[in-house]
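Reading through the structure tokens given below for one structure.
Protein chains in written order, with our numbering: chain A, 1 to 296; chain B, 1001 to 1316.
Written as structure tokens, this is what we have:
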């Protein structure tokens, strides 16, 4: 193959790729699961960003004359044992959940993708070492691993992010490695190698962009898990600490007053479920479009 | 299954178990503060803390500490002593391990009772209202937080209807009725969630088999639909279903940790959280180690059963 032809291959036939991506985007935007999931996620993201302006009350303002008030026009989701407005706390809680989820998944995605990319592309002993370490992390049940990391790092929302990130690194590494292995033997990679491009350049410029489908799907599904995990850790008293409102924390507080004020437990739980549902639907829809082999 | 494959998988399991034991052991050296301080309290003098550290062997090099910790567990089933109660952890494990296993298997059974019929119903009429119904229920089931579902079940069945106890555990030796009453809510919480996940896999496994030529032939020769399903479809979909059970058993253990905490179920999961909150690190180590080892062994058995059920599958 001539140098020019190799160069064209290594450039990964840009117009074809761009057309493919455009058609994929069009398919994604027509997929019912992607549409439903996106609407839910976007609505919740807006709540997370604008919550502090939308909330009718301060999430920490106590009103002992209005303790355990049932849902009404004044308090849409009722009040809690301190007379705090549950609706305002749910709105504020969205910001906490989204912040933790995005940062945790950002960390686990960056580290996991990098490890998976290196293991999948370079193979041999590097692959063996990285994947065996990932196997070890995989052997711990997710919640228990997060609890253990919190036991080491201590309580608090920042440490919860790190704990959730650690739990999800092996999954990103496995997904990325699988995608990279299916791409690394393709012609454009061979062409880039023949042109003398370095491993890092090939990995980042050619292999990674062509392995993004499963990673995007995993990101959406991981965001769902991260919201659940943050809520679970806060529910156990390890994550977000009072008085900061967090859905998991609110559920935990509501648990003691289930009989007198069921709304204290129902609305934060619904908020968690709808958020997780949104990311799950989006992830499932994206998998149908971007990674049809695994969706079946 | 070739001997080489079996040995390779056992070798990998051994490596994973060594890694798991190192990470679990690392909990104590990594936590801030000394376990001796946890035992003696914040008012203890530095001298008494140092003396207890020496007695606990914490002044020795880490590899020596690791070796005596690991050999104690492997050779004598000795997990050390609780920093809070001072009692041997093995005693707690003996009581709690069966409770966790019973809960996990009952939850799996409930999950299968949900997943197999709904997966089949869904796969037989794809695109129908029933299929859509199952899909929606399954999506909700996958998204519902286990700790919230547990709370809702307690609210309805314990607080309002007073049919079932809201927490606790009754061993089967105290009578079947009491045992069932205590296990229904926690097992259903974990079971509904894993059942929702499994239903999706059962559906795709069934759909794949239903599309095969031999199913069409069986129908063409006039075999009743029930026989086609039981004799041809289910039998061939079993490989995938068994794999799903294995994978779900692992995921289920994670859910069991949460459910045990919600329902005050005296298992290894609730032991782990209590230990974390009380900074009783040796107890946390024991719980984490047992869960991780079970997890790794289940993964291996799943892989092996997959190869046994479908000899055409063999990994390099």
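By construction, the Cβ of each residue, glycine as well, lies at the ideal position given by its N, Cα and C atoms. These figures come from a predicted structure and were not determined experimentally.
Just the Cα atoms here: how many angstroms apart are residue i and residue j?
| i | j | result |
| --- | --- | --- |
| residue 296 of chain A | residue 1036 of chain B | With a pLDDT of only 44 at residue 296 of chain A, under the threshold of 50, the placement of this residue in the model should not be trusted, and no figure is reported. |
| residue 67 of chain A | residue 229 of chain A | 29 angstroms |
| residue 82 of chain A | residue 147 of chain A | 29 angstroms |
| residue 1222 of chain B | residue 1233 of chain B | 15 angstroms |
| residue 22 of chain A | residue 40 of chain A | 24 angstroms |
| residue 1052 of chain B | residue 110 of chain A | 43 angstroms |
| residue 183 of chain A | residue 210 of chain A | 7 angstroms |
| residue 1258 of chain B | residue 236 of chain A | 9 angstroms |
| residue 287 of chain A | residue 1070 of chain B | 43 angstroms |
| residue 1026 of chain B | residue 1042 of chain B | 23 angstroms |
| residue 1100 of chain B | residue 1083 of chain B | 23 angstroms |
| residue 1102 of chain B | residue 1263 of chain B | 14 angstroms |
| residue 241 of chain A | residue 218 of chain A | 29 angstroms |
| residue 1125 of chain B | residue 1226 of chain B | 14 angstroms |
| residue 1134 of chain B | residue 1286 of chain B | 40 angstroms |
| residue 1110 of chain B | residue 1149 of chain B | 15 angstroms |
| residue 1244 of chain B | residue 54 of chain A | 44 angstroms |
| residue 85 of chain A | residue 208 of chain A | 47 angstroms |
| residue 1284 of chain B | residue 158 of chain A | 22 angstroms |
| residue 1238 of chain B | residue 1205 of chain B | 8 angstroms |
| residue 238 of chain A | residue 206 of chain A | 42 angstroms |
| residue 1112 of chain B | residue 1097 of chain B | 22 angstroms |
| residue 1165 of chain B | residue 1152 of chain B | 13 angstroms |
| residue 1298 of chain B | residue 161 of chain A | 29 angstroms |
| residue 168 of chain A | residue 233 of chain A | 15 angstroms |
| residue 8 of chain A | residue 191 of chain A | Any reading at residue 8 of chain A is ruled out, since the residue's pLDDT is 46, under 50, leaving its predicted position unreliable. |
| residue 1302 of chain B | residue 213 of chain A | 27 angstroms |
| residue 1236 of chain B | residue 1106 of chain B | 25 angstroms |
| residue 1281 of chain B | residue 1275 of chain B | 6 angstroms |
| residue 231 of chain A | residue 249 of chain A | 7 angstroms |
| residue 1028 of chain B | residue 1122 of chain B | 49 angstroms |
| residue 170 of chain A | residue 1197 of chain B | 21 angstroms |
Give the DSSP-derived three-state secondary structure of residue i in the structure shown.
| i | result |
| --- | --- |
| residue 262 of chain A | coil |
| residue 85 of chain A | strand |
| residue 1117 of chain B | helix |
| residue 1088 of chain B | strand |
| residue 1338 of chain B | Chain B is shown from 1001 up to 1316; residue 1338 of chain B falls before or after that span and cannot be answered. |
| residue 79 of chain A | strand |
| residue 1170 of chain B | coil |
My guess is that residue i and residue j are in contact by the Cβ rule of under 8 angstroms, so how many angstroms apart are they, rounded?
| i | j | result |
| --- | --- | --- |
| residue 251 of chain A | residue 1147 of chain B | 7 angstroms |
| residue 132 of chain A | residue 1019 of chain B | 7 angstroms |
| residue 1179 of chain B | residue 1266 of chain B | With 8 angstroms as the limit, residue 1179 of chain B and residue 1266 of chain B do not qualify as a contact, their Cβ atoms being about 13 angstroms apart. |
| residue 51 of chain A | residue 76 of chain A | Actually they are not in contact, since the Cβ atoms of residue 51 of chain A and residue 76 of chain A sit about 14 angstroms apart, beyond 8 angstroms. |
| residue 1190 of chain B | residue 1114 of chain B | About 12 angstroms; that fails the 8 angstroms criterion. |
| residue 1296 of chain B | residue 1017 of chain B | 6 angstroms |
| residue 164 of chain A | residue 226 of chain A | 5 angstroms |
| residue 1203 of chain B | residue 1119 of chain B | 4 angstroms |
| residue 282 of chain A | residue 38 of chain A | 6 angstroms |
| residue 1024 of chain B | residue 1292 of chain B | 7 angstroms |
| residue 152 of chain A | residue 1030 of chain B | 5 angstroms |
Where does residue i land, buried or exposed, given buried means 16+ other C-beta within 10 angstroms?
| i | result |
| --- | --- |
| residue 247 of chain A | buried |
| residue 174 of chain A | buried |
| residue 1214 of chain B | exposed |
| residue 1160 of chain B | exposed |
| residue 1129 of chain B | exposed |
| residue 1175 of chain B | exposed |
| residue 188 of chain A | buried |
| residue 272 of chain A | buried |
| residue 125 of chain A | exposed |
| residue 104 of chain A | buried |
| residue 263 of chain A | buried |
| residue 1138 of chain B | buried |
| residue 253 of chain A | buried |
| residue 1255 of chain B | buried |
| residue 1046 of chain B | exposed |
Which residues, in order along the segment 199-223 of chain A, keep a beta-carbon less than 7 angstroms from a beta-carbon of chain B? Contacts with chain B (Cβ-Cβ distance below 7 angstroms) from the segment 199-223 of chain A involve no residue at all.
Could you please tell me which residues of the segment 223-247 of chain A, in chain order, have their CB closer than 8 angstroms to any CB of chain B? Those residues of the segment 223-247 of chain A that come within reach of chain B (Cβ to Cβ, closer than 8 angstroms) are 224, 228, 231, 232, 235, 236, 237, 238.
Under 7 angstroms (Cβ pairs) to chain B, residues found in the segment 51-65 of chain A: Those residues of the segment 51-65 of chain A that come within reach of chain B (Cβ to Cβ, closer than 7 angstroms) do not exist; the list is empty.
Positions along the segment 263-286 of chain A whose CB lies within less than 9 angstroms of some CB in chain B: Residues passing the 9 angstroms Cβ filter: 265, 266, 268, 269, 270, 272, 273, 274, 275, 276, 277, 278, 279, 280, 281, 284.
Just by C-beta distance, which residues in the segment 125-151 of chain A are closer than 9 angstroms to chain B? Listed by position along the chain: 132, 133, 135, 136, 137, 138, 139, 140, 141, 142, 143, 144, 145, 147, 148, 150, 151.
Chain A contacts made by the segment 1119-1150 of chain B, where a contact means CB separation under 9 angstroms: Against chain A - using a Cβ distance shorter than 9 angstroms - the residues of the segment 1119-1150 of chain B are 1139, 1140, 1142, 1143, 1144, 1145, 1146, 1147, 1148, 1149.
Along the segment 22-41 of chain A, where does the CB come closer than 8 angstroms to a CB of chain B? Name the residues. Under the 8 angstroms Cβ criterion, the segment 22-41 of chain A contributes no residue.
Taking a cut of 9 angstroms between CB atoms, which residues from the segment 1014-1034 of chain B lie near chain A? Within the segment 1014-1034 of chain B, the residues whose Cβ lies closer than 9 angstroms to some Cβ of chain A are 1015, 1016, 1017, 1018, 1019, 1020, 1022, 1023, 1024, 1026, 1027, 1030, 1031, 1032, listed in chain order.
Using a Cβ-Cβ cut-off of less than 7 angstroms, give me the residues of the segment 251-262 of chain A that come near chain B, in sequence order. Listed by position along the chain: 251, 255, 258, 259, 262.
Mind listing which residues of the segment 1252-1268 of chain B have their C-beta closer than 7 angstroms to chain A's C-betas, in chain order? Under the 7 angstroms Cβ criterion, the segment 1252-1268 of chain B contributes 1253, 1254, 1257, 1258, 1261.
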